[in-house]
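Structure record follows, encoded as structure tokens.
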Amino acid sequence: MRIKSSLGGRTFDVFNYVILGLISFVSLVPILHVVVGAFSSSQAIIHNRVFLWPVDVTLDNIKLVVQTSTFWKAAWMTIKVVVIATTVNMVLTVFGAYPLSKSWLRGRKFFMLFLIFTMVFQAPMIPIYLVVKSLGLLNSLWALVIPSAVSAFNVILCLTFFRSLPEELLDAAKVDGMGEFRIVAKIVVPLSLPIIVTLLLFYAVGHWNSYMGPLMYLNDRNLQTLQLYIYSLISQGNSNDIVAAAAGEASITLVPAAIEMATIVLATAPIVLLYPFVQNYFIKGATLGSVKE
Amino acid sequence: MSERKMSYVGLPRKLPNSGRSIGKERHAREPLAKFIRKHWPLYVMVVPMLAYFLVFKYIPLLGSVIAFKDYNIFDGFIASKWVGFQWFETLATERKFLLIFRNTLIISLYQIVFAFPAPIILALLLNEVRKTAFKRTVQTLVYLPHFLSWALVYGMAYMMFSTQTGLVTQLLSHFDMPPIHLLQAPEYFRTLVVGAGIWKEMGWSAIIFLAALTGISPSLYEAAQLDGASRWRQLLHVTLPGLLPAIVILLLLKVGNVLDVGFEQIYVFLNPLTYSVGEVLDTYSFRLGIINGEFSITTAIGLFKSIIGFVLLVSVNKLSNKITGEGLY
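Protein chains in written order, with numbering that gives the first Met the number 0: chain A, 0 to 292; chain B, 0 to 328.
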């Protein structure tokens, strides 16, 4: 009986490792395929010789994308949005969460209800759009910053963390004559780095990847973000123009797919390169949300 | 400078109070105006956040009244003419809307049946792995797609399935099989979208279940082993009951958002060839409202969506409280 069950257990273990290996493989293949494609020659791509390793390794694809001014325009716009929007997010989140973390603050209950209500009842897309429009934010960078200036959920994560800070310390700082703003900047933030970094990363990745916001609020092609740029590159065949323009001046002939893969790689690189170092912050953040208050 | 002065002024009055310098009971007696004057920096701090919620959450919620009006830009939210339930009646009789409603429900059902259990199964499989290095590697790899935007996921899907250079197309031709027009074919659209969703989010969503698994007390497993329970029995009688609260809560949230199938997820894959099966409430709202400027009827769709979601959430929560003893509130 014992031997039999452990045999079954071992069969299961083997099966389990195989399944998990397969799942990991499937998670990686589409990404890997694009990465090797970005570094393969157009000839290899068009003759279907590129699978999961690069063929005729070349930097031509990457070079051409790097020389495309519209790519840089979109990348610069995205970087500006990420930096400005994340800064606004963090300032509003930290300063919004700090007073709410004080249980003795009068009006706290009302503020909390005010916050939670917005999480339960969400306004439809159009009235939000009309508000953004009437504020004159359409077709400006601020349309991607102000309408998503703070997330109620993140404020709650943040204030839960602040509550765990020793209140004696904050009181002592007050006795020493520090004002609340300086207490937040000099004591609360340095002591709360784990949650601050986690929220910062959540916000930043959200802005980097956002597609719906730019799609709704920006019509001007000069303002498009990387995500809009990539989507139109692939779905509307804009890469043909880049290839045609390049064919005029250079001797190399590239296929659209090569340009598209190179663009995808460049747009993903910041996140994928950063990911191994910050993975733990993300994982902590994901489980923080599951704590029932 | 002045904030510093404030705290000095407040100081002597605080000290006689024993223990905590700031206690709830003491402030309760103070008039509100005085309290606010004393702690004004705290109130100044919350103002930007509250202003944001007021302008971008509450005003749009109130602005939803345009679902009952004939909105036009010049008259605005308030002065536009009332039309009652006219837009809702139009929707209820329009065949196109019913088709879109049906698409939304079908895709959502696919998500509940296929995408919802996937991370649970993944977490259970990972939980049985004893080699930490292997477990960590798998986790790192399956979490990665979560960080790619939907535009990039579309790009990668295109590179996998495009009929000229797609990887899958190549493999099919390798085995002399005809190419599948996966990205254009209506019959594959829902599978594609839900499959892409599983690919992107399965790993990441497993985190919550993995966290719940670590919360199960080891003594329960020890007791089960003493009673001679096999690994399978332990899974059924210890692990699954331990996961039940997390499963119920997430399922309730999903059911409450049954008409929310993910705008970006659908939109990037949608094209005129697949409108008939893939157009959902959100993508239709976007095209009708923002592209065509039909603000009122689109708001009616949005309001309809919120109300259905709210009613479902409340009733499913009630049902769940009765059956499993678990609920959101």
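We treat Cβ as the ideally placed atom computed from N, Cα and C, and that holds for glycine.
Chain-ordered neighbours of residue i on chain A, where CB pairs are closer than 9 Å
i	result
B:K95	Those within 9 Å of B:K95 in chain A number zero; the least Cβ separation is about 18 Å.
B:T238	Here the premise fails: no neighbours, minimum Cβ distance about 14 Å.
Simplified DSSP state of residue i, which is helix, strand or coil
i	result
B:D69	strand
A:K101	coil
A:Y230	helix
B:K130	coil
B:W81	strand
B:E93	coil
A:R48	coil
B:L117	Residue identity check: residue 117 of chain B is Ala in the sequence provided, not Leu. Helix, per DSSP.
A:Y210	coil
B:G301	helix
A:P165	coil
B:I179	coil
B:H236	helix
B:I215	coil
Any C-beta of chain B under 8 Å from that of residue i
i	result
A:G236	no
A:R105	yes
A:I2	The predicted position of A:I2 is uncertain, since its pLDDT is 44 and thus under 50; a value taken from the coordinates is nonetheless stated next. With 8 Å as the cut-off, A:I2 does not count as an interface residue toward chain B.
A:Q278	yes
A:E292	Reliability of the predicted coordinates at A:E292 is poor, the pLDDT of 36 falling under 50, and no value is obtained from them.
A:Y274	yes
A:F50	yes
A:I78	no
A:I282	yes
Contact list for residue i against chain A, beta-carbon separation under 8 Å
i	result
B:V45	F94, G95, P98, L99 and F110
B:Y153	Y230, I233 and S234
B:F34	R105
B:A41	Looking at the sequence itself, residue 41 of chain B is Leu, so the reference to Ala does not match. Near B:L41 (Cβ distances below 8 Å), the residues of chain A are Y97, P98, K101, L104 and E179.
Chain-ordered neighbours of residue i on chain B, where CB pairs are closer than 8 Å
i	result
A:P193	Simply none; closest approach about 16 Å.
A:V204	F146
Outcome for residue i when other beta-carbon atoms lying within 10 angstroms are tallied against a minimum of 16
i	result
A:G236	exposed
B:L181	buried
B:T328	In the sequence on display, residue 328 of chain B carries Tyr and not Thr. Counting Cβ neighbours within 10 Å, B:Y328 comes out exposed, since fewer than 16 surround it.
B:T162	exposed
B:I197	buried
A:W71	exposed
B:K33	exposed
B:A50	exposed
B:N316	buried
B:P185	exposed
B:S295	buried
B:H173	exposed
A:F201	buried
B:W149	buried
A:G36	buried
A:L59	Note that residue 59 of chain A corresponds to Asp in the displayed sequence, not to Leu. Under this definition A:D59 is a buried residue.
Chain A within 8 Å of residue i, Cβ atoms only
i	result
B:R230	yes
B:A210	yes
B:W81	no
B:Y157	yes
B:N316	no
B:T89	no
B:S319	no
B:V279	no
B:R3	With a pLDDT of 37 at B:R3, under the threshold of 50, the modelled position of this residue cannot be trusted; read the value that follows with caution. Interface residue, yes.
B:W203	yes
B:L302	yes
B:W86	no
Listed by chain order, chain A residues near residue i by CB distance under 7 Å
i	result
B:Y51	L91, A148 and V149
B:A150	Y210, Q226, I229 and Y230
B:K56	T117 and A122
B:T162	What B:T162 touches in chain A: nothing, since even the nearest Cβ is about 12 Å away.
Near the ligand HEM: residue i beta-carbon under 7 Å from a heavy atom
i	result
B:I77	The ligand HEM is not part of this structure, which contains no ligands at all.
Closer than 7 Å at the beta carbon, the chain B residues around residue i
i	result
A:N15	L124, E127 and V128
A:S286	It should be noted that the sequence gives Thr, not Ser, for residue 286 of chain A. I206, I207 and A210, listed in chain order.
Beta-carbon neighbours of residue i, restricted to chain B and to distances below 9 Å
i	result
A:L114	M48, L49 and F52
- Task: Give the residues from the segment 122-144 of chain A that approach chain B closer than 9 Å (Cβ to any Cβ), ordered along the chain.
- Result: A122, P123, M124, I125, P126, I127, Y128, L129, V130, V131, K132, S133 and L134
- Item | Residues within the segment 169-182 of chain B neighbouring chain A, beta-carbon criterion of under 8 Å | For the segment 169-182 of chain B, which is checked against every Cβ of chain A, the residues closer than 8 Å are Q169 and S172.
- Return the residues of the segment 144-169 of chain A that lie within a Cβ-Cβ distance of less than 9 Å from chain C, sorted by chain order. No chain C is present in this structure, whose protein chains are A and B.
- Contact list for the segment 95-127 of chain B against chain A, Cβ threshold 8 Å: Answer in chain order: L121, L124, L125 and E127.
- Message: Any C-beta of chain B within less than 9 Å: which residues of the segment 17-33 of chain A qualify?
- Response: I18, L19, G20, I22, S23, F24, V25, S26, L27, V28, P29, I30, H32 and V33
- Which residues, in order along the segment 249-272 of chain B, keep a beta-carbon less than 7 Å from a beta-carbon of chain A? F262, E263 and V267
- Of the residues that make up the segment 64-76 of chain A, which ones have a beta carbon closer than 9 Å to any beta carbon in chain B? none
- For the segment 257-270 of chain A, which residues have a CB atom closer than 7 Å to at least one CB atom of chain B, in sequence order? E259, M260, I263, A266, T267 and I270
- Which of the residues in the segment 34-46 of chain A, read from start to end, lie with their CB under 8 Å from any CB of chain B? G36, I44 and I45
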